[in-house]
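Numbering that gives the first Met the number 0 puts the first residue of the sequence shown at 0, with every later residue one more than the last.
Here a beta-carbon is modelled for each residue, glycine too, at the ideal position from N, C-alpha and C.
Here's the structure, in structure tokens; my notes come after.
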Amino acid sequence: MSNKLKAVIIVFVGLVLVGVGVIASILLIQRLQSSRAEVQQTGVVVKTTVVVVTRDLMLGDQIKPEDVNMVEIPVEFSPRNAVTKAEDAIGKFVKTDLIQGEMVLAHNLANPTNSNHDLSFVLSDEHILMAFPADDLMSRESIIQRGDIVDIFATFQQIVQQIPNTTTDTTTTNGTPQEPVMRTFTVDAFQKVSVTALVLEIIPEENNNPPIVGSTGQIIPAKIKIRAYLLALNPQDALVLKHLKDTGAEFDIVLRSPTSTAQFELTPVTEDYIIEFYGLEILP
């Protein structure tokens with residue numbers, strides 16, 4: 000085979016390979032463009048609207064209209080149970096802390112006025128919910144409301160062992176022990192207690208008058224009486240409160256400022272404290 004023929008064959012094979020490469024490149028580019036167009040078309044169509052919070056919310060906070068906003072996101076980023084209507088979130092309470100921009104999920108919302116009495120949303124793992132009777136004057140006047148911060152005062156009697164005064168008491172010299180005595184104490188039993196919810200008694204209208212209907216269609220009773228408070232306490236505090244209640248202690252609830260965080264250092268009040276405080280010692 001002559002050199003001229005070999006050169007012709009090599010040139011022909013080269014042209015064929017170049018042609019195959021060009022055709023393959025064109026087909027690959029067309030396929031990529033087609034796939035990209037499908038992805039863009041799909042991304043535009045599949046979107047959904049969800050509710051997000053506009054500020055940080057803490058456990059037990061009630062969602063107000065200004066606390067939520069509507070945003071559009073790709074449907075694949077929308078989790079199950081995402082709330083898609085603002086009215087489904089407004090007025091509800093959150094069962095967990097939410098940060099600004101976080102989506103609102105239906106299972107993280109609760110309504111304590113519904114038929115399921117869903118009050119557990121305010122409880123952490125370290126707390127239990129305890130009902131406390133509303134028998135004091137503040138309660139009878141319906142002053143305490145849900146979410147208030149209160150202190151619980153208690154007056155009770157307790158048998159105590161007297162400590163002898165070695166400077167004046169002669170009973171210690173003859174070995175006769177001091178007899179236990181019944182003393183009355185008034186103490187600030189618990190401080191900074193949050194009123195989780197109220198147990199209400201609805202008193203109907205007198206003379207069979209028709210009930211008043213509010214603008215939202217809700218029936219407004221003539222009078223509402225507070226029967227009990229629901230308090231979120233740690234188990235040990237709940238036991239102490241139950242013991243005081245079961246042994247006949249008398250309670251009064253006092254209302255704090257909504258921003259109060261102080262821990263008051265108070266002295267329990269007894270008969271001796273009152274005598275010393277008012278200078279009631281009997282002179283010889």
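Endpoints, the beta strand (DSSP E) within which residue i is located
i, result
"A227", "222-232"
"E65", "Note, E65: premise wrong, no beta strand (DSSP E); not H, not E."
"K46", "46-52"
Residue i to residue j span [Cα, whole Å]
i, j, result
"R79", "L14", "58 Å"
"D147", "Q262", "16 Å"
"S123", "D271", "41 Å"
"L240", "V192", "12 Å"
"L232", "V194", "10 Å"
"V186", "Q177", "25 Å"
"N113", "M102", "For N113, the predicted structure reports a pLDDT of 49, less than 50, and the residue's modelled location is therefore unreliable. The matter cannot be settled from this model."
"Q160", "T266", "19 Å"
"I151", "D236", "12 Å"
"A188", "L243", "9 Å"
"E140", "I72", "50 Å"
"F156", "R182", "The question names Phe, but residue 156 is Gln in the sequence shown. The alpha-carbon atoms of Q156 and R182 are separated by roughly 5 Å."
"N2", "G20", "27 Å"
"T47", "I89", "19 Å"
"N107", "A23", "55 Å"
"T83", "F184", "56 Å"
"A109", "A153", "33 Å"
"I10", "G18", "A small fix is needed here, since residue 10 is Val in this sequence, not Ile. For V10 and G18, the distance between alpha carbons rounds to 12 Å."
"Y228", "E125", "19 Å"
"T53", "E275", "56 Å"
"D245", "Q99", "45 Å"
"I127", "P234", "6 Å"
"K222", "A85", "32 Å"
"V49", "K91", "16 Å"
"V268", "M69", "56 Å"
Beta-bridge pairing of residue i - partner residues as DSSP gives them
i, result
"D251", "F152"
"M284", "Nothing in the structure corresponds to residue 284, since the chain is present only between 0 and 283."
"V194", "L230"
"V186", "A153"
"P73", "K46"
"A109", "F92"
"M102", "V51"
"L238", "DSSP output for L238 lists no bridge partner at all."
"E200", "K224"
"L243", "Beta-bridge pairing links L243 to no other residue."
"L58", "DSSP, once it has assigned bridges, lists no residue as partnering L58."
Where the alpha helix (DSSP H) containing residue i begins and where it ends
i, result
"I89", "Segment: none, I89 is in no alpha helix (DSSP H) and carries neither H nor E."
"K263", "Before going further, note that residue 263 is Phe rather than Lys in the sequence given. It is not in any alpha helix (DSSP H) - F263 carries neither H nor E in the DSSP assignment."
"F276", "270-277"
Every unbroken alpha helix (DSSP H) within the stretch 120-154, with a cutoff of 4 residues, ordered by chain: 136-139
At least three beta-carbon pairs within less than 8 Å, the stretch 250-257 to the stretch 132-142: yes
Given 8 Å, three or more beta-carbon pairs between the stretch 60-75 and the stretch 23-32: no
At least 3 beta-carbon pairs within less than 8 Å: the stretch 89-97 vs the stretch 45-58: yes
Runs of alpha helix (DSSP H) wholly within the stretch 5-41 (minimum 4 residues, chain order): none
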